[in-house]
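Let me begin by presenting the structure, written as structure tokens, before commenting on it.
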Amino acid sequence: MAKQTLSKPLINPTRFLDDIEELAANSSHAPASTALRAELLKHFKAVYREARTKAETLLLEDGDGTLCAKRLSHLQDTLIQAIYQFAALHVYHNDNPSSGERLTIAAVGGYGRGTLAPGSDIDLLFILPFKQTPWCEQIVEYVLYFLWDMGYKVGHATRNIDECIRQAKADMTIRTSILEARFITGDKKLFGELEKRFQMEVVRKTAKEFIDAKLAERDLRHKKSGESRYLVEPNIKDGKGGLRDLHTLFWIGKYYYRVSRPRELVSAGLFTADEFRRFKRAERFLWTVRCHMHFLAGRAEERLSFEIQREMATRLKYLSHGGLLDVERFMKHYFLIAKEVGDLTLIVCAELEEEQAKSVTGINGLIRSIRFPVRKIAGSTDFVDDHGRINVADEAVFKRDPVNLLRIFKLADDNNLDIHPDARYLLANSLKLVDKKLRANEEANRLFLAIATSRNGPETLLRKMNETGVLGRFIPPFGKIVAMMQFNMYHHYTVDEHLIRAVGVLSAIERNLIGQDHPLSVRLLPEIEDREVLYVAVLIHDIAKGRREDHSIAGAKVARSLCPRFGFSKQRTELVEWLVREHLTMSMTAQSRDLSDRKTIETFAATVQSAERLKYLLILTVCDIRAVGPGVWNGWKGQLLRTLYHAAVPLLTGGFTEIDQKGAVAQARGSLADALQDWDAEELNSILDLHYDPYFLSTPLENQIRHMEFLRLAKARNEQLSTMVHTKDFEAITEINVLSPDHPKLLSILAGVCAVAGANIVDAKIHTTRDGRALDTIFINREFESDHEEIERAERLCKTIRDALTGKVRLSDLRAKQPRQRRATRAFSVPPEVSINNNLSNDFTVIEVKCLDRPGVLSDITFAISELNLNIASAQIATFGEKAIDSFYVTDLVGDKIRLEGRQRKIIDTLTQAIKSGTAQIRNTTPQRAVPA
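Heads up, the sequence shown is in my numbering, so the first residue is 100 and it goes up one at a time.
This is the structure in structure tokens:
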């Protein structure tokens, strides 16, 4: 390979080699001495540190990561050449070497391409002519130990040429590394011999085998790092659309066309000049990001985490604009580049198919080895079935009739065909045909609506439309959110990917593919009057993200202007508009309000207004939450939504009959008495009389029955303090009941214990009995699938709760053991926000707290509430990524709402300070008088 030439090399190779010779000549120590080696090592380290600093400075100046990687590779070459030269000429000098005493040092892997990231390992291949000799072994050992002492991580292999060829034939990883091997120093003739034999004995006539292996390897890598290229914390190297995908394209092109440099793929016909410019642009951007990441982290960091994203946006000089933060604009650029890499991959696949270099490989990774003849598609002269995929009959089909830009997707759906890479390429290059005229075309809009509401699986179709750019051009507001990320831990995907996945969830519910998770939605969906309205609402519910205006309100405006294009009547348009405007209402009500509080249900029902609307909103809410990302949906959220739905239906259907509180309590007590009719009457009445009226109104009957058994057992055992565990498999939660002498800081201690144990509280109910005890219930997220393991975990938690309440351990001691703030959340800033509302409940003041989620924050808040002499009746705990939104239904000590403005201001100030500083560190966080064990 020709010697690298750089405009601004980090060091001058000739001068550096001369410096080493001069240092050795002027030293009083012998060449092979430990003392001289130590002097050399010190000099090498100093030069390397200075050069790395210069590399980062140049990167900040010119912003070219590819150049940075080449400079670092050139630096590494120079250092290795100097080490080898010193070892061969001075330490193990051989005046009369035999034919076997020859050695070549070659760079392989990424280093072999002549690019090296700041934190990457160095991969070396020591090439021998025959078997190992003492001289070769000494040189290899000297070079490796010197590099290790400098602090490098070195991947290395020592093989003769025969071994290289044999192992390259058997192992595709070794074959790829030798494909990229680059001469650094030593016997150049030996390296040339390896290159020649590798081409003749390994590469020749094996292109299909290599290409299939590399594409399969790529698919496996994508699966490990995340199937979507639109993950909000992508892997810059191994993720879909990352650097490794570009490397794979070059490996394939190099292997098939026998070229040595990427630019030669243009003359070979794999890329056009424009496509090669796109290749280089993507490569430069990804290398720039990767080099900055390595410099920032001080190591080989490949995941573009939230913690790094902000600093990257600053380094790369992105600015906040409109409704997008600087970091969101940077990440949008990244995702557009990742999409570009995907487009280039399709181009390469299409070109190789034309060359018949491999089996037909669809864009979804399925390899078809059987070739079928091209055949016509029924009802169309513009498209053909090309080996199981839809393709254009000629290159003028879109220009001749722009409606074909939509029709191709409909035909693909009707005929269960993938889209040929050639057709996708032509689609992407015909986007200028998507103009106002086409957007207003009745047939085009009919086709789009049919695609978006397909009963076969619209998610795949919409994703293909999005990847080719057709979706964003045909629906301009959608184009604005393509590749847009939201800088938070809640959303796992870009906005466009989230919307497309939400449609996929809706389709899966309609086809009953996930009915076990969403039984109510599966039952309701066939009952709704207009499935098209629902599909459109799901597709566009977040379409106005990234604007200064609230995205729900702005999205409703988009719906109002967009739906008439699809032929929707005024009534249908208004329904879509309402669904988009209110798409967060049900989720926030279910997760942040007390669903046993009548005012909650009345307020929600007043917003919804009809039972039919409620069905639409429930299903839209399910799709929205489930499409946020893996693990966001759980059975508990499903249960909350179902509870809210069933509570609202009577108010919306006129089936609710007004019952006064005394009548409702009497009815609830009667139902409980009927369920426990086998009990002794006196014992039953004594336990029923322990509860105040709100308990019967807010607690489901099945829970009341369980609580009665709990109280009965505690009485029989004469226990003042007792705990009970109940697991709920479908809801994915575990219920912990605590019976204890009442005191103000009880919930704070429970929350503190849970924080230390890493148990996430999602809900809490607090009830006081007439004999001065508290019956508190906390609901925590389930950790284990097995009931046995989950119960063991909960029992351990209960023991710690009992120890804390009896004074065996102090909360302050537990807090000292509490896990630190999650690393990812340190990238975010959520200013504490405390609000007080007396209109959300007839009986309670609702305190809502929004803040950065961290271990122990709930304990801090509840401790502060107790210090303010407030009684907590219930707490709704919700976490959205890095943000906690907790609601507390409280009264003062005499059971009244908090109405005085001064008192409200003090509550707000105290809770804000508690969130910032952590009041649970205050002493006396256990009861002044320990609860009897």
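The C-beta atom is built at its ideal place from N, Cα and C for all residues, glycine as well.
Identity of the residue in Gly906, Thr214, Asp616 nearest Ile718 by Cα
In the sequence shown, the residue the question calls residue 718 occupies position 619. Considering only alpha carbons, the answer is Asp616.
Backbone CA spacing between Cys722 and Gly571 [nearest angstrom]
Translated into the one-based positions of the sequence shown, residue 722 becomes position 623. Translated into the one-based positions of the sequence shown, residue 571 becomes position 472. Each residue's alpha carbon lies about 21 Å from the other.
Element boundaries [beta strand (DSSP E), containing Phe878]
The sequence position of residue 878 within the sequence shown is 779, counting from 1. Boundaries of the beta strand (DSSP E) around Phe878: 872-880.
Quick check on DSSP: helix, strand or coil for Ser986?
Locating residue 986 in the sequence shown gives position 887, counting from the first residue. Looking at Ser986 - three-state DSSP - the assignment turns out to be strand.
What is the C-beta distance between Ile960 and Ala1013, in whole angstroms, given that I count them as a contact (C-beta under 8 Å)?
Locating residue 960 in the sequence shown gives position 861, counting from the first residue. Locating residue 1013 in the sequence shown gives position 914, counting from the first residue. The Cβ separation is near 6 Å, so the contact holds.
Can you list the alpha helix (DSSP H) stretches of 4 or more residues lying completely in the region 746-822, in chain order?
Qualifying alpha helix (DSSP H) stretches, in chain order: 760-774, 780-787, 792-797, 800-815.
Coarse secondary structure for Ala977, derived from DSSP in three states
In the sequence shown, counting from the first residue as 1, residue 977 sits at position 878. Looking at Ala977 - three-state DSSP - the assignment turns out to be strand.
From the DSSP output, in three-state form, read off Pro575 for me.
Looking up residue 575 in the sequence shown gives position 476. Of the three classes helix, strand and coil, the one that applies to Pro575 here is helix, per DSSP.
Spell out a yes or no on whether the region 701-721 and the region 679-693 are touching, meaning 3 or more CB-CB pairs, one atom from each, closer than 8 Å.
yes
DSSP beta-bridge partners of Ser419
Residue numbering aside, residue 419 sits at position 320 when the sequence shown is read from its first letter. DSSP, once it has assigned bridges, lists no residue as partnering Ser419.
What's the C-alpha gap between Leu403 and Asp521?
Counting from one through the sequence shown, the residue named residue 403 turns up at place 304. Counting from one through the sequence shown, the residue named residue 521 turns up at place 422. Taking the straight line from one Cα to the other gives about 33 Å.
Identity of the residues DSSP links to Arg488 by a beta bridge:
The residue labelled residue 488 in the question sits at position 389 within the sequence shown. According to DSSP, Arg488 bridges with Asp485, Asp517.
DSSP three-state assignment for Tyr592, whether helix, strand or coil
If you number the sequence shown from 1, residue 592 lands on position 493. If DSSP states are grouped into helix, strand and coil, Tyr592 belongs with the strands.
Spatial neighbours of Val426 within its chain, please: C-beta separation below 6 Å, excluding the five flanking residues on both sides.
Taking the sequence shown and counting its residues from 1, the one referred to as residue 426 is at position 327. Here the set comprises Gln408, Arg409, Ala412, Phe586.
Alpha carbon of Val440 to alpha carbon of His346, nearest angstrom:
Along the sequence shown, one-based indexing puts residue 440 at 341. Along the sequence shown, one-based indexing puts residue 346 at 247. Straight-line Cα distance between these residues: approximately 11 Å.
Quick check on the burial criterion: 16 or more other C-beta atoms within 10 angstroms. Buried or exposed for Pro618?
Position 519 of the sequence shown, counting from 1, holds the residue named residue 618. Pro618 should be labelled exposed.
Does DSSP classify Ile642 as helix, strand or coil?
Residue numbering aside, residue 642 sits at position 543 when the sequence shown is read from its first letter. When DSSP states are grouped into helix, strand and coil, Ile642 belongs to the coil group.
Please indicate yes or no: does the CB of Asn802 lie closer than 6 Å to some heavy atom of the ligand COA?
In the structure shown, the ligand COA is absent, as is every other ligand, since no ligand is present at all.
Grouping DSSP H, G and I as helix and E and B as strand, with all else coil, what is Phe667?
Here residue 667 is taken as the residue at index 568 of the sequence shown, counted from 1. Three-state DSSP puts Phe667 in coil, outside helix and strand.
For the beta strand (DSSP E) containing Ile946, list its first residue and its last residue.
For the purposes of this step, residue 946 is taken as residue 847 along the sequence shown, with counting starting at 1. Where Ile946 is concerned, the enclosing beta strand (DSSP E) stretches over 944-951.
Evaluate contact between the region 568-582 and the region 418-425, counting only Cβ atoms and requiring at least three cross-stretch pairs below 8 Å.
no
Using C-beta distances below 8 Å, list every residue in its chain close to Phe979, excluding the 5 sequence neighbours before and after it, in chain order.
Start at 1 with the first residue of the sequence shown, and residue 979 comes out as number 880. The answer, listed in chain order, is Asn587, Tyr589.
Is the beta carbon of Ser986 less than 7 Å from the beta carbon of Val929?
Locating residue 986 in the sequence shown gives position 887, counting from the first residue. Locating residue 929 in the sequence shown gives position 830, counting from the first residue. Taking 7 Å as the Cβ cut-off, Ser986 and Val929 do not qualify as a contacting pair.
Might you give, ordered along the chain, the residues of its own chain that have their beta carbon closer than 8 Å to the beta carbon of Leu804, omitting 5 neighbours on each side?
Indexing the sequence shown from 1 puts residue 804 at position 705. For clarity, residue 804 is Ile in the given sequence; the question names Leu instead. Excluding sequence neighbours, Ile804 sits near Leu771, Ala774, Leu775.
Does Val459 come out as helix, strand or coil in the three-state DSSP assignment?
Residue mapping note: residue 459 aligns to position 360 of the sequence shown, counting from 1. For Val459, the predicted model reports a pLDDT of 42, less than 50, meaning its position is unreliable and no value from the coordinates is stated.
Can you give me the Cβ contacts of Ile900 inside the same chain, cut-off strictly under 7 Å, excluding the 5 residues immediately before and after it?
The count along the sequence shown starts at 1 and reaches residue 900 at position 801. Closer than 7 Å at the Cβ level, and outside the excluded window around Ile900, lie Thr822, Val837, Leu849, Val852.
Using the Cα positions of Ser1016 and Ile976, report the straight-line distance between them to the nearest angstrom.
If you number the sequence shown from 1, residue 1016 lands on position 917. If you number the sequence shown from 1, residue 976 lands on position 877. Approximately 20 Å, taken between the alpha carbons.
Touch test, the region 423-438 against the region 314-333, Cβ-Cβ under 8 Å, three pairs minimum
yes
Starting from the C-beta of Lys336, find all residues in its chain whose C-beta is less than 8 Å away, skip the five residues before and the five after it, and write them out in chain order.
As a working note, residue 336 is residue 237 in the sequence shown. Excluding residues within five positions, the ones whose Cβ falls inside 8 Å are Leu342, Arg343, Arg389, Glu401.
Please classify Arg470 as buried or exposed, where buried requires at least 16 neighbouring CB atoms within 10 angstroms.
Numbered from 1 along the sequence shown, position 371 holds the residue referred to as residue 470. Because Arg470 carries a pLDDT of 46, less than 50, the predicted location of this residue cannot be relied on, and no value is offered for it.
Cβ-based neighbour list, Glu374, same chain, cut-off 7 Å, excluding 5 preceding and 5 following
Stepping through the sequence shown from its first residue, residue 374 is reached at position 275. So the qualifying residues of the chain are Leu443, Ile446.
Identify the continuous beta strand (DSSP E) that holds Arg376 and give its terminal residues.
Numbered from its first residue, the sequence shown carries residue 376 at position 277. Unbroken run through Arg376 is the alpha helix (DSSP H), 372-396; no beta strand (DSSP E).
Give me the Cβ distance between Gly674 and Val632, rounded to the nearest whole Å; I'm assuming they're in contact under 8 Å.
What you label residue 674 is simply residue 575 of the sequence shown in a count that begins at 1. What you label residue 632 is simply residue 533 of the sequence shown in a count that begins at 1. Checking the displayed sequence, the identity of residue 674 turns out to be Leu instead of Gly. Confirmed, Cβ separation roughly 5 Å.
Please return the same chain residues whose Cβ sits closer than 8 Å to the Cβ of Cys662, not counting the five positions on each side in sequence.
Working through the sequence shown from its first residue, we reach residue 662 at position 563. So the list reads Val635, Arg671, Thr672, Val675, Glu676, once near-sequence residues are dropped.
Specify the secondary structure class of Leu202 as computed by DSSP and reduced to three states.
Taking the sequence shown and counting its residues from 1, one reaches residue 202 at position 103. Note: Leu202 maps to coil in three-state DSSP.
Less than 7 Å between the beta carbons of Val908 and Ala726, yes or no?
What you label residue 908 is simply residue 809 of the sequence shown in a count that begins at 1. What you label residue 726 is simply residue 627 of the sequence shown in a count that begins at 1. No.
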